[in-house]
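Engineer:
Residue numbers (our numbering): 4 to 514.
1) Take every Cβ of the segment 72-87, pair it with every Cβ of the segment 101-120, and state whether three or more of those distances are shorter than 8 angstroms.
2) Is the beta carbon of residue 353 sitting closer than 7 angstroms to the one on residue 410?
3) Start and end of the alpha helix (DSSP H) containing residue 49?
4) Answer with buried or exposed for residue 79, where buried requires no fewer than 16 other C-beta atoms within 10 angstroms of its C-beta.
5) CA-CA distance, residue 346 and residue 154?
6) Around the C-beta of residue 112, are 16 or more other C-beta atoms found within 10 angstroms, so that it is buried, or is it exposed?
7) Where does residue 405 fall in DSSP's three states?
8) Measure the alpha-carbon distance for residue 237 versus residue 471 and round it to whole angstroms.
9) How many Å lie between residue 314 and residue 467 at the Cα?
10) How would you write the range of the beta strand (DSSP E) that residue 270 sits in, first residue to last?
11) Hey, out of 21, 31, 308, whose CA is closest to residue 443's CA?
12) What number of angstroms, rounded off, separates the C-alpha of residue 175 from the C-alpha of residue 265?
13) With H, G and I counted as helix, E and B as strand and the rest as coil, what does DSSP make of residue 383?
14) Any beta carbon from chain D within less than 7 angstroms of residue 256's own beta carbon?
15) Curious, which full-length beta strand (DSSP E) runs of at least 3 residues does the segment 198-270 contain?
16) Kindly indicate which residue of 349, 254, 289, 463 has the alpha-carbon position closest to the one of residue 200.
17) Name the residue from 340, 214, 439 whose alpha carbon lies nearest to the alpha carbon of residue 324.
18) Going by beta carbon distance, what residues of the same chain come within less than 6 angstroms of residue 196, once the five residues before and after it are set aside?
19) To the nearest angstrom, how far is it from the Cα of residue 26 to the Cα of residue 49?
20) Enumerate in chain order the residues of its own chain whose CB-to-CB distance from residue 511 is below 8 angstroms, with the five nearest sequence positions on each side excluded.
21) Quick check on the burial criterion: 16 or more other C-beta atoms within 10 angstroms. Buried or exposed for residue 434?
22) Pull up the distance between the alpha-carbon of residue 342 and that of residue 328, whole angstroms please.
23) In the DSSP assignment, find the unbroken alpha helix (DSSP H) run with residue 93 in it and report its ends.
24) If you check the beta carbons only, do residue 456 and residue 189 fall under 7 angstroms apart?
25) Who does residue 99 pair with in a DSSP beta bridge?
26) How is the beta strand (DSSP E) around residue 434 delimited, first residue to last?
27) Contact between the segment 252-272 and the segment 122-132 is defined here as three or more beta-carbon pairs at a separation below 8 angstroms; is this criterion met?
28) Less than 8 angstroms between the CB atoms is what I'm expecting for residue 29 and residue 459, so what's the real figure, rounded?
29) Measure the CB-CB distance between residue 259 and residue 184 and report whether it falls below 7 angstroms.
30) Within its chain, find whatever has a CB closer than 8 angstroms to the CB of residue 151; leave out the 5 residues flanking it on each side and keep chain order.
31) Terminal residues of the continuous alpha helix (DSSP H) containing residue 454?
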């Protein structure tokens, strides 16, 4: 069965079981399930951005109606957020059904984005757990004693025909077969990792993509073979490379996920013990072994070839600059303003749009001190709390969060109550309020997703964040321009969503 058939089968089973009320949570992975649900007019659906709230709301509905209720979520940390409610339902003997979308089974244990071992996460507090990997759906049976049921369903990746298509002929990368024309990707690194990485690049002048949270942007601003990761650029030219050398954590770049379809050779050097790819089973090499790596000792890159790539990259930059000038109120242009203003401040960027737009907007002339992100399971939970933990007496922290990310963790601001005046002045909060999950408009544009499903995914709102600033005695600013980044501020940044979409649309046409 394909994704749509699986989704329709599960939704049909739930309706036949007597589930009339569904709580759906935004996420790309569970979109087929939401799409199938949108076609069932007898279903009553409420959308949430917080899985914990959705699950406890469902328990409330079970209390009120006496009927089973279902929650549908995406993969990763979203699944873990259901655990408290599942435990509650278990001890109440309530028929709470949680349906969790999962990445294909071959991703398990890889550490790829939004991949956790979620299939048995509720086992000790569920009456029944189903792990639907292939076509074993006929075993789905709700005739069990009262209590929660977990249905975990593996869904194929969008726009990728099959992750198994080349595995039979795939010869693995464990041997030290030379890469002749590799691309280096620098991802999340610690300060102590810098010397060995810089030494490696000095010895091997290869084309390199530098993610901001590698904290090597300043040192490599003038690196002669640096490629900037403007939207769509490297994806269009990846065929010029015969391999990828990843240094640091699992990359944020869309390119990294695209490797799944291409099965490009990859060598990983990282403190993180996961390959980040389903087809690569070897654990990463240590960073200390980087300069012992012999696979590129005879690199066949010609200077003219690299120069051509860099020339194309500069032309792409010119296009990006033109588009941002054309749409100055877009989210991308506003983020470029933030980067222009940052000098010595540390920067925390949340998942979803901000972490992606950061690398898209980064230029050689920008100066970054320390850049922090949360790229473990890549969820939007706990981002406020993490940023609070980064505030210190000696350094100013600028935290940039999406609106739903901020709402997800409102209690995370609680430590501000104990901050003295100086410590509070070391913190500047920016919330990009685009009135919901604007990222989903970019992901699912022109993909045949029903308007109702799009509404559920976007979780649109008309909320103001002024009350949060008032509650914690921060200076509130609502603006569509970034003028300064003073400490003690809460800046509600209001981009023009139409301009944001036009930026992406303009760049799609530039190949």
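Where a beta carbon is used, it is the ideal one built from N, C-alpha and C, also for glycine.
Structural biologist: By the coordinates alone:
1) A contact exists between the segment 72-87 and the segment 101-120.
2) Walking along the chain shown from the start, residue 353 turns up at place 350. Walking along the chain shown from the start, residue 410 turns up at place 407. The answer is no: Cβ separation not under 7 angstroms.
3) Numbered from its first residue, the chain shown carries residue 49 at position 46. Careful: residue 49 lies outside any alpha helix (DSSP H), inside the beta strand (DSSP E) at 47-51.
4) Start at 1 with the first residue of the chain shown, and residue 79 comes out as number 76. Within 10 angstroms of the beta-carbon of residue 79 lie 16 or more other beta-carbons, which makes it buried.
5) In the chain shown, residue 346 corresponds to position 343, counting from 1. In the chain shown, residue 154 corresponds to position 151, counting from 1. Rounded to the nearest whole angstrom, the CA to CA distance from residue 346 to residue 154 is 49 angstroms.
6) The residue labelled residue 112 in the question sits at position 109 within the chain shown. Classification of residue 112: exposed, given that the 10 Å Cβ count is below 16.
7) For this step, residue 405 is matched to residue 402 along the chain shown. The three-state secondary structure of residue 405, taken from DSSP, is strand.
8) For the purposes of this step, residue 237 is identified with residue 234 of the chain shown, where counting begins at 1. For the purposes of this step, residue 471 is identified with residue 468 of the chain shown, where counting begins at 1. Straight-line Cα distance between these residues: approximately 40 angstroms.
9) By one-based count along the chain shown, residue 314 stands at place 311. By one-based count along the chain shown, residue 467 stands at place 464. Their backbone Cα atoms lie some 44 angstroms apart in a straight line.
10) Translated into positions along the chain shown, residue 270 becomes position 267. Per DSSP, residue 270 belongs to the beta strand (DSSP E) from 269-272.
11) Taking the first residue of the chain shown as position 1, residue 443 is located at position 440. The shortest C-alpha separation from residue 443 is found at 31.
12) For this step, residue 175 is matched to residue 172 along the chain shown. For this step, residue 265 is matched to residue 262 along the chain shown. Residue confidence is low: residue 175 scores 41 on pLDDT, short of 50, so the model does not pin down where it sits. Its coordinate-derived value is still stated next. Taking the straight line joining both Cα atoms gives about 14 angstroms.
13) Within the chain shown, residue 383 is the residue found at index 380, counting from 1. Residue 383: coil per DSSP, three-state reduction.
14) Protein chains in the displayed structure number just one, and chain D is not present.
15) Along the length of the segment 198-270, whole beta strand (DSSP E) runs at least 3 residues long occupy 211-213, 246-250, reported in chain order.
16) Position 197 of the chain shown holds residue 200. Among 349, 254, 289, 463, the Cα nearest to that of residue 200 belongs to 289.
17) In the chain shown, residue 324 corresponds to position 321, counting from 1. Considering only 340, 214, 439, the residue with the shortest C-alpha distance to residue 324 is 340.
18) The residue given as residue 196 occupies position 193 in the chain shown. Excluding residues within five positions, the ones whose Cβ falls inside 6 angstroms are 290.
19) For this step, residue 26 is matched to residue 23 along the chain shown. For this step, residue 49 is matched to residue 46 along the chain shown. So the alpha carbons of these two residues sit roughly 5 angstroms apart.
20) Translated into the one-based positions of the chain shown, residue 511 becomes position 508. These residues qualify, in order along the chain: 235.
21) Locating residue 434 in the chain shown gives position 431, where the first residue counts as 1. With 16 or more other Cβ atoms within 10 Å, it is buried.
22) Position 339 of the chain shown, counted from the first residue, corresponds to residue 342. Position 325 of the chain shown, counted from the first residue, corresponds to residue 328. Pairing residue 342 with residue 328, the inter-Cα distance amounts to about 15 angstroms.
23) Your numbering for residue 93 matches position 90 in the chain shown. Where residue 93 is concerned, the enclosing alpha helix (DSSP H) stretches over 86-95.
24) In the chain shown, counting from the first residue as 1, residue 456 sits at position 453. In the chain shown, counting from the first residue as 1, residue 189 sits at position 186. Between residue 456 and residue 189, the C-beta gap is not smaller than 7 angstroms, which leaves the two residues out of contact.
25) Here residue 99 corresponds to residue number 96 of the chain shown, with the count starting at 1. Answer by DSSP bridge pairing, in chain order: 72.
26) Your numbering for residue 434 matches position 431 in the chain shown. Segment 430-435, the beta strand (DSSP E) holding residue 434.
27) With the cut-off at 8 angstroms, the segment 252-272 and the segment 122-132 do not touch.
28) Counting from 1 along the chain shown, the entry for residue 29 is found at position 26. Counting from 1 along the chain shown, the entry for residue 459 is found at position 456. Going by Cβ atoms, the distance from residue 29 to residue 459 rounds to 7 angstroms, so yes, they are a contact pair.
29) Translated into positions along the chain shown, residue 259 becomes position 256. Translated into positions along the chain shown, residue 184 becomes position 181. No, these two residues do not count as a Cβ contact at 7 angstroms.
30) Taking the chain shown and counting its residues from 1, one reaches residue 151 at position 148. 89, 92, 93, 97, 98, 99, 100, 101, 125, 128, 129, 130, listed in sequence order.
31) As a position in the chain shown, residue 454 is number 451, starting the count at 1. Note, residue 454: alpha helix (DSSP H), 454-461.
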